[in-house]
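J.: Residue numbers (the UniProt record's numbering): 1 to 734. All residues carry an ideal CB built from backbone N, CA and C; glycine is no exception. I have a structure I would like to understand better, so I am pasting it below and will then ask my questions one at a time.
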């Protein structure tokens with residue numbers, strides 16, 4: 001027998017199947033990891049993707065598999081099929097695609113199973129009573145109290161780690177044959193706190209109707225469009241429960257790692273089953289153990305961020321993408337996959353249900369749904385007859401005219417005062433971290449920039465440093481301008497650190513938490529912030545977009561967007577959509593259990609995204625936005641392909657861009673009708689990490705064939721000392 005193997009080397013020159021002979025006595029199946037000889041390398045890892053009874057090559061030319069790396073199949077046939085899809089869809093190698101299915105800790109054997117010694121009783125009943133009697137003196141007192149303590153504890157707990165017991169007593173009891181000490185596997189669990197179970201509540205009529213549609217409909221793809229607080233999560237719970245009752249499994253994706261503790265607790269309250277957690281914030285050991293938990297069939301539900309879509313569940317019943325509008329569902333690194341497209345293909349391969357849920361669906365998603373690709377299930381009302389919170393718009397131009405230069409308008413100050421007086425909580429949103437966003441000399445106009453990136457450095461007051469938010473480089477702040485030598489450097493703009501300082505000055509008695517990348521640097525920091533705010537150990541939560549996504553705090557009655565214009569003014573055709581989504585999502589954090597208020601501060605109160613968000617009018621916003629996009633031939637009516645070129649020497653990068661443009665035009669010339677524009681330019685941020693960056697942006701009418709030709713040209717064109725990448729409909733045009 002022969003195995004068809006993909007070696008774990010992500011390079012186009014070896015992006016093909018290699019045949020290896022299976023030695024006698026070695027049991028090999030598709031999906032297994034193997035060690036094989038390869039080229040001049042002594043050995044390398046590979047994945048078996050198929051078996052053949054014969055080979056077209058001469059037997060003496062075929063090398064043998066050295067060994068199998070596991071006694072189980074690391075990948076399923078469905079996962080191998082999914083990897084083939086990723087290779088074609090995102091123009092990558094099959095080895096790179098297969099790596100998504102295997103945690104890095106599995107490849108190379110860098111992490112192994114964690115074990116520990118545990119003690120347990122060998123005797124029971126009369127035998128144990130007799131052994132315990134032997135520990136007593138003639139007068140009935142205990143002769144060996146430490147040994148008696150160990151026995152009593154083991155009778156109560158069953159098994160106890162040996163390290164927690166008295167070593168001498170444990171050794172004596174083991175010699176007497178009363179207990180044994182054995183080596184057992186220990187799971188490194190991301191969440192260990194106990195969760196109390198809760199009973200199901202009575203569904204609303206609308207929830208019952210939606211569940212019936214999902215259960216009885218022949219369709220498999222649904223868009224659950226429900227306002228914040230409408231009970232979408234309960235639909236997820238019931239659908240997953242249906243799947244488990246049928247012997248199937250389920251995946252629930254959330255957009256942020258910070259949302260996993262809250263969601264995990266909610267799931268544990270409703271399911272007896274093991275739940276595996278997948279996200280990049282876990283330790284190497286935790287990732288390995290969670291993956292093994294799923295491989296062994298111990299967990300039937302997987303919860304996690306984007307990467308959880310690759311979880312090795314078998315007999316998949318449903319994939320749910322909560323807050324499906326979030327851009328975090330697209331990968332940051334190449335190949336830049338989107339969880340939506342992976343989930344759609346995986347559901348197709350396994351005949352599973354796909355549910356996308358959001359109060360503010362992506363424009364592209366809603367357009368597809370209206371075209372019939374998804375069935376739209378609407379949930380227009382909040383649970384318990386609660387009304388959506390009133391949104392009050394504050395014109396910051398008027399605040400400035402009245403002499404208020406802080407981020408807290410007069411109206412917001414009044415609402416914060418009232419909220420605190422009533423013993424309630426508030427959430428303040430600003431999508432900029434740090435203290436001041438840039439430093440400028442008022443004499444000559446010099447702005448402090450990162451030495452490695454073409455961006456201004458942000459001042460962080462707590463550490464008294466200037467920091468680049470792209471490469472992480474830091475430097476000490478200067479007192480005089482390095483250009484003109486004058487001491488006129490001034491700090492402009494504000495971030496979450498400065499907001500925290502201002503709020504503390506205005507409300508010194510308030511307990512304040514901050515949630516941004518700076519405060520979330522340590523493991524489980526997001527869990528501590530969530531738990532503390534949920535337990536009302538703080539009155540005000542200040543944060544970036546982290547706090548806009550899915551949190552449900554019962555005592556929050558005030559939400560505020562401090563500067564809506566930070567989203568409106570980004571150079572991206574989706575700026576209005578993102579502004580509308582963020583306002584709606586932040587507004588949705590207030591009034592989940594009782595009436596709430598939302599304060600929206602902006603310099604552009606008349607903008608249509610702001611006005612539609614004020615009235616929670618998604619349909620109105622969608623209709624205006626889709627009309628504008630159709631007129632301008634923007635997605636979903638077209639496709640953007642962004643080719644990215646970067647290198648240390650700018651002249652080499654420019655030469656590569658010019659050369660590729662020429663080749664590109666020659667290839668696409670016969671297809672002029674499918675092309676809207678081709679444009680080369682410096683990247684919006686021209687230099688990052690000492691690499692000069694240029695883009696070619698190709699705007700196409702929707703044509704998969706043209707994208708395939710661009711891929712083909714891209715793959716066969718390489719440049720010395722120039723890095724290249726390709727991204728379809730990038731979420732970040734910078």
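Alpha carbon to alpha carbon, how far is residue 116 from residue 455? Give it in angstroms, no decimals.
T.: Here residue 455 is taken as the residue at index 455 of the chain shown, counted from 1. Here residue 116 is taken as the residue at index 116 of the chain shown, counted from 1. Using only the alpha carbons, I get a separation of about 50 angstroms.
J.: State the start and end residues of the unbroken beta strand (DSSP E) segment that holds residue 221.
T.: Reading the chain shown from its first residue, position 221 is the one you call residue 221. 221-226 is the extent of the beta strand (DSSP E) around residue 221.
J.: With C-beta atoms as the reference, is residue 754 less than 8 angstroms away from residue 303?
T.: Residue 754 lies beyond the residue range present for the chain, which begins at 1 and ends at 734; the question has no answer from this structure.
J.: Our contact map puts residue 120 next to residue 154 with C-beta atoms below 8 angstroms; I'd like the distance itself, whole angstroms only.
T.: Reading the chain shown from its first residue, position 120 is the one you call residue 120. Reading the chain shown from its first residue, position 154 is the one you call residue 154. So it is a contact: roughly 6 angstroms between Cβ atoms.
J.: What number of angstroms, rounded off, separates the C-alpha of residue 346 from the C-alpha of residue 583?
T.: As a working note, residue 346 is residue 346 in the chain shown. As a working note, residue 583 is residue 583 in the chain shown. Cα to Cα, residue 346 sits roughly 32 angstroms from residue 583.
J.: Leaving aside the five residues before and after residue 692 along the sequence, list all residues of the same chain whose C-beta is less than 8 angstroms from its C-beta, in chain order.
T.: Taking the chain shown and counting its residues from 1, one reaches residue 692 at position 692. Hits under 8 angstroms: 646, 647, 648, 649, 650, 653, 686.
J.: Quick one: is residue 201 buried, meaning 16 or more other Cβ sit within 10 Å of its Cβ, or exposed?
T.: Walking along the chain shown from the start, residue 201 turns up at place 201. Burial call: exposed.
J.: Which residues does DSSP list as the beta-bridge partners of residue 44?
T.: Along the chain shown, one-based indexing puts residue 44 at 44. Its beta-bridge partners are 36.
J.: For residue 488, I'd like the list of residues in its chain whose CB is within less than 8 angstroms of its CB, leaving aside the five on either flank, ordered along the chain.
T.: Translated into positions along the chain shown, residue 488 becomes position 488. For residue 488, where only same-chain residues beyond five positions count, the Cβ hits under 8 angstroms are 441, 442, 443, 481.
J.: Taking 8 angstroms as the cut-off, decide whether the C-beta atoms of residue 694 and residue 683 are in contact.
T.: On the chain shown, position 694 is the one that residue 694 refers to. On the chain shown, position 683 is the one that residue 683 refers to. Closer than 8 angstroms, so yes.
J.: Does residue 384 pass the burial test, meaning 16 or more other C-beta atoms within 10 Å, or should it be called exposed?
T.: Position 384 of the chain shown, counted from the start, is the residue given in the question as residue 384. So residue 384 counts as exposed.
J.: Taking only the alpha-carbon atoms, compute the straight-line gap between residue 339 and residue 378 and give it to the nearest angstrom.
T.: Reading the chain shown from its first residue, position 339 is the one you call residue 339. Reading the chain shown from its first residue, position 378 is the one you call residue 378. Spanning the two alpha carbons is a distance of roughly 23 angstroms.
J.: Would you say residue 427 and residue 527 are within 8 angstroms of each other, going by their C-beta atoms?
T.: On the chain shown, position 427 is the one that residue 427 refers to. On the chain shown, position 527 is the one that residue 527 refers to. The answer is no: Cβ separation not under 8 angstroms.
J.: Please classify residue 692: does DSSP put it in a helix, a strand, or coil?
T.: Residue numbering aside, residue 692 sits at position 692 when the chain shown is read from its first letter. Note: residue 692 maps to strand in three-state DSSP.
J.: Note down, one range per segment and in chain order, each beta strand (DSSP E) of at least 3 residues found wholly within the segment 232-267.
T.: Qualifying beta strand (DSSP E) stretches, in chain order: 249-253.
J.: Following the continuous beta strand (DSSP E) through residue 711, name the residue where it begins and the one where it ends.
T.: Counting from one through the chain shown, the residue named residue 711 turns up at place 711. Note, residue 711: premise wrong, no beta strand (DSSP E); alpha helix (DSSP H) at 704-716.
J.: Exposed or buried, what is residue 681 when buried is set at 16 or more other beta-carbons lying within 10 Å of its beta-carbon?
T.: In the chain shown, residue 681 corresponds to position 681, counting from 1. Looking at its Cβ environment, which holds fewer than 16 other Cβ atoms inside 10 Å, residue 681 is exposed.
J.: Measuring CA to CA, which of 597, 282, 533, 698 is closest to residue 414?
T.: Working through the chain shown from its first residue, we reach residue 414 at position 414. Out of 597, 282, 533, 698, 597 has the C-alpha closest to the C-alpha of residue 414.
J.: Hey, quick one: how far does the beta strand (DSSP E) through residue 549 stretch, first residue to last?
T.: Within the chain shown, residue 549 is the residue found at index 549, counting from 1. Residue 549 -> no beta strand (DSSP E), and no H or E assigned at all.
J.: Determine the burial state of residue 620: buried for a count of at least 16 other Cβ atoms within 10 Å of its Cβ, exposed for fewer.
T.: Position 620 of the chain shown, counted from the start, is the residue given in the question as residue 620. Residue 620 comes out exposed.
J.: Based on the DSSP secondary-structure assignment, which residues constitute the bridge partners of residue 161?
T.: What you label residue 161 is simply residue 161 of the chain shown in a count that begins at 1. Answer is 118.
J.: Drop a sphere of 10 angstroms on the beta-carbon of residue 559, count the other beta-carbons inside from all chains shown, and report buried for 16 or more, exposed for fewer.
T.: Stepping through the chain shown from its first residue, residue 559 is reached at position 559. Buried, by the Cβ-count rule.
J.: Within 8 angstroms, do at least three Cβ pairs link the segment 457-466 to the segment 592-609?
T.: no
J.: In or out: residue 775 buried (at least 16 other Cβ within 10 Å) or exposed?
T.: Any property of residue 775 remains undetermined from this structure, which presents the chain solely from 1 to 734.
J.: If I'm right that residue 698 touches residue 641 with Cβ under 8 angstroms, what's the distance once you round it to whole angstroms?
T.: One-based indexing of the chain shown puts residue 698 at position 698. One-based indexing of the chain shown puts residue 641 at position 641. Between residue 641 and residue 698 the Cβ distance is about 4 angstroms, and since that is below 8 angstroms, they are a contact.
J.: Quick one: give me the first and last residue of the alpha helix (DSSP H) that residue 582 is part of.
T.: Taking the first residue of the chain shown as 1, we reach residue 582 at position 582. For residue 582, the enclosing alpha helix (DSSP H) begins and ends at 575-587.
J.: Is it buried or exposed for residue 82, if we count other Cβ within 10 angstroms and need 16 for buried?
T.: For the purposes of this step, residue 82 is identified with residue 82 of the chain shown, where counting begins at 1. Answer is buried; the Cβ neighbour count reaches 16.
J.: In whole angstroms, give me the CA-to-CA distance for residue 336 and residue 296.
T.: Mapped onto the chain shown, residue 336 falls at position 336. Mapped onto the chain shown, residue 296 falls at position 296. If you take the alpha carbons of residue 336 and residue 296, they lie about 30 angstroms apart.
J.: Could you check the C-alpha separation between residue 394 and residue 495 for me, to the nearest Å?
T.: Sequence index remark: in the chain shown, residue 394 carries index 394 (1-based). Sequence index remark: in the chain shown, residue 495 carries index 495 (1-based). Using only the alpha carbons, I get a separation of about 19 angstroms.
J.: Assign residue 141 to buried or exposed, taking buried as 16 or more other Cβ atoms, counted over all protein chains shown, within 10 Å of its Cβ.
T.: Residue 141 sits at position 141 when you count from the first residue of the chain shown. By the neighbour-count rule (16 or more Cβ atoms within 10 Å), residue 141 is not buried but exposed.
J.: Evaluate contact between the segment 235-254 and the segment 262-280, counting only Cβ atoms and requiring at least three cross-stretch pairs below 8 angstroms.
T.: yes
J.: To which residues of the same chain is residue 484 closer than 8 angstroms at the C-beta, ignoring the five residues directly before and after it?
T.: Position 484 of the chain shown, counted from the start, is the residue given in the question as residue 484. Here the set comprises 441, 443, 444, 446.
J.: Below 6 angstroms CB to CB, which residues in the same chain sit around residue 90 once its five sequence neighbours on both sides are set aside?
T.: On the chain shown, residue 90 is found 90 positions in, with the first residue counted as 1. Excluding sequence positions up to five before and after residue 90, its CB lies within less than 6 angstroms of the CB of 335, 337, all in the same chain and listed in chain order.
J.: Would you mind reading off the limits of the alpha helix (DSSP H) that contains residue 131?
T.: For the purposes of this step, residue 131 is taken as residue 131 along the chain shown, with counting starting at 1. First-last of the alpha helix (DSSP H) with residue 131: 125-133.
J.: Opposite residue 177 in the DSSP bridges: which residues?
T.: Within the chain shown, numbered from 1, the residue matching residue 177 stands at position 177. Note: residue 177 sits in no beta bridge, so no partner.
J.: On the three-state DSSP scale, how would you describe residue 395?
T.: Reading the chain shown from its first residue, position 395 is the one you call residue 395. Here residue 395 sits in strand by DSSP.
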